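Written out below as structure tokens is the structure these notes cover.
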Amino acid sequence: TRSEEELYEKVKEIKHKLGKRLFIPGHHYQKDEVIQFADVTGDSLQLAQAAAKNNEAEFIVFCGVHFMAETADMLTGQHQTVILPDMRAGCSMADMANLKQTEIAWEKLQQLFEDTILPLTYVNSTAEIKSFVGKHGGATVTSSNAKKMLKWALQQKQRVLFLPDQHLGRNTAYDLGIPLEKMAVWDPIANELQFEGNKSDIVMILWKGHCSVHEKFTVNNIEYIRKTYPDMKIIVHPECPREVVALSDEAGSTKYIIDTINASPPGSKWAIGTEMNLVNRIIKSHPDKQIVSLNPYMCPCLTMNRIDLPHLVWSLESIEKGQPINEIKVADDVKEFALLALKRMLENV
Ligand code: 13P
Ligand code: SF4
21 TRSEEELYEK
31 VKEIKHKLGK
41 RLFIPGHHYQ
51 KDEVIQFADV
61 TGDSLQLAQA
71 AAKNNEAEFI
81 VFCGVHFMAE
91 TADMLTGQHQ
101 TVILPDMRAG
111 CSMADMANLK
121 QTEIAWEKLQ
131 QLFEDTILPL
141 TYVNSTAEIK
151 SFVGKHGGAT
161 VTSSNAKKML
171 KWALQQKQRV
181 LFLPDQHLGR
191 NTAYDLGIPL
201 EKMAVWDPIA
211 NELQFEGNKS
221 DIVMILWKGH
231 CSVHEKFTVN
241 NIEYIRKTYP
251 DMKIIVHPEC
261 PREVVALSDE
271 AGSTKYIIDT
281 INASPPGSKW
291 AIGTEMNLVN
301 RIIKSHPDKQ
311 IVSLNPYMCP
321 CLTMNRIDLP
331 HLVWSLESIE
341 KGQPINEIKV
351 ADDVKEFALL
361 ALKRMLENV
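Sequence positions in the sequence shown follow full-length UniProt numbering and run 21 to 369.
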């Protein structure tokens, strides 16, 4: 086995050798040992835009999770190869909605509401789900543009089916003034629609999925911060449950969180509710501010963390040898409509 130093030197050497033939996008939740080599860092939207813009790199080694690499594959040319350094870097939220379940849900929802629903899917979903959504006139959204895209959808249809994150869907709809009584939850395991108000009033149908990282931030965490640091502000990602967002001072995408902390004056105090690697990086880069994780046990995304320095080196060496591993290629029939859903978003933002 090689030392960390040797692995570090190897990445530098291959990056230098391949030059512009290689492009490494890195999501903000990636480990320091990986993100230091990223050519561009960003949230889901920024990385999708960066992939769409890069036409020259032959190899795109995506440091993020599987659905992001699929998106990069669909937004880049046939002459470009997208590689995920570890195939086990999936997303538990994306896995909470599969095509079969979505088709069953759609059929039942059409019986209940006829042709009054437009589907939207968070980009944190498989290419197959994006394709389903694209085929039925809908679009993808990210946490940066969910509000804008939900408005867009509600200009076309009376109701929206929002996949697969109930929390982002609920928080975004609430922000637009849709009351909780007008929201229902589709449970893909029980195959039923759960709601308390009037069926005819329903505007939002939320898929019962969640992020295992952001669900770990709780009302108890908020109460602890309020008691211990009364003048500290709380900022969370909208993948957190509604009650947590409601009790926080601010909520927004990964980029919004970074920008808000950057713009705050020295001496500011923040508790942040998002993924651990990003929170640690923000803490380190703001020694003049008091910053803590909203959940004191920190919340790592285990699948994001599967991309580590040894896997990055392994994938880069496979390119060097002319035998690239872990290629991510979305099938043409899936790509056709998934790309349509992505383009409807990218043209709107
Ligand atoms: P954003 O990058 O859109 O903030 O999403 C966070 C996330 O959970 C990515 O997997
Ligand atoms: Fe999926 Fe949540 Fe990890 Fe993002 S942070 S990749 S949504 S499990």
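Note that beta-carbon positions come from the ideal geometry of N, C-alpha and C, so glycine has one too.
Because the structure is a prediction, the values reported are computed rather than measured.
Among all the DSSP beta bridges, which residues are the ones paired with residue i?
{"i": "ARG301", "result": "In DSSP, ARG301 forms no bridge with anything."}
{"i": "GLU270", "result": "ILE255"}
{"i": "HIS47", "result": "GLY62"}
{"i": "GLN130", "result": "Answer by DSSP bridge pairing: none, since GLN130 is not bridged."}
{"i": "THR141", "result": "THR160, LEU183"}
{"i": "MET224", "result": "VAL180, MET203"}
{"i": "LEU213", "result": "TRP206"}
What would DSSP say about residue i, mapped onto helix, strand or coil?
{"i": "PHE87", "result": "helix"}
{"i": "ALA351", "result": "coil"}
{"i": "ALA358", "result": "helix"}
{"i": "GLN366", "result": "Note that residue 366 corresponds to Leu in the displayed sequence, not to Gln. Residue state, collapsed to three classes: helix."}
{"i": "ASP195", "result": "helix"}
{"i": "GLY287", "result": "coil"}
{"i": "SER313", "result": "strand"}
{"i": "VAL205", "result": "strand"}
{"i": "GLY39", "result": "helix"}
{"i": "ILE327", "result": "coil"}
{"i": "ILE292", "result": "strand"}
Is residue i near ligand 3, in the sense that its beta carbon is under 7 Å from a heavy atom of that ligand?
{"i": "SER273", "result": "This structure lacks ligand 3; its bound ligands are ligand 1 and ligand 2."}
Could you check whether the Cβ of residue i sits closer than 7 Å to any heavy atom belonging to ligand 1?
{"i": "VAL369", "result": "no"}
{"i": "LEU65", "result": "yes"}
{"i": "CYS231", "result": "yes"}
{"i": "HIS187", "result": "no"}
{"i": "HIS86", "result": "no"}
{"i": "ASN144", "result": "yes"}
Could you check if residue i belongs to the surroundings of ligand 2, using beta carbon to heavy atom distance under 7 Å?
{"i": "GLU259", "result": "yes"}
{"i": "HIS99", "result": "no"}
{"i": "CYS321", "result": "yes"}
{"i": "CYS83", "result": "no"}
{"i": "ASN325", "result": "no"}
{"i": "ILE48", "result": "As written in the sequence, residue 48 is His, which differs from the Ile given in the question. No, the beta carbon of HIS48 sits no closer than 7 Å to any heavy atom of ligand 2."}
{"i": "GLU295", "result": "yes"}
{"i": "SER313", "result": "no"}
Compare the C-alpha of residue i against each of the options and name the closest.
{"i": "SER313", "options": "ILE242, GLY342, LEU366", "result": "ILE242"}
{"i": "GLU340", "options": "GLY39, SER23, GLU24", "result": "GLY39"}
Consider the Cβ of residue i: report whether some Cβ of chain B lies at a distance smaller than 8 Å.
{"i": "TYR49", "result": "The structure shown has no chain B; it contains just one protein chain."}
Complete runs of the alpha helix (DSSP H) confined to the region 145-188 [at least 4 residues]: If we require 4 residues or more, the alpha helix (DSSP H) runs fully inside the region 145-188 come out as 147-155, 166-176.
Mind pulling the alpha helix (DSSP H) runs of 4 or more residues that sit fully within the region 236-265? 239-248
What ranges does the alpha helix (DSSP H) occupy inside the region 54-125, keeping only unbroken runs of at least 4 residues that lie completely in it? As summarised for the region 54-125, the continuous alpha helix (DSSP H) elements at least 4 residues long and confined to that stretch are 64-73, 86-95, given in chain order.
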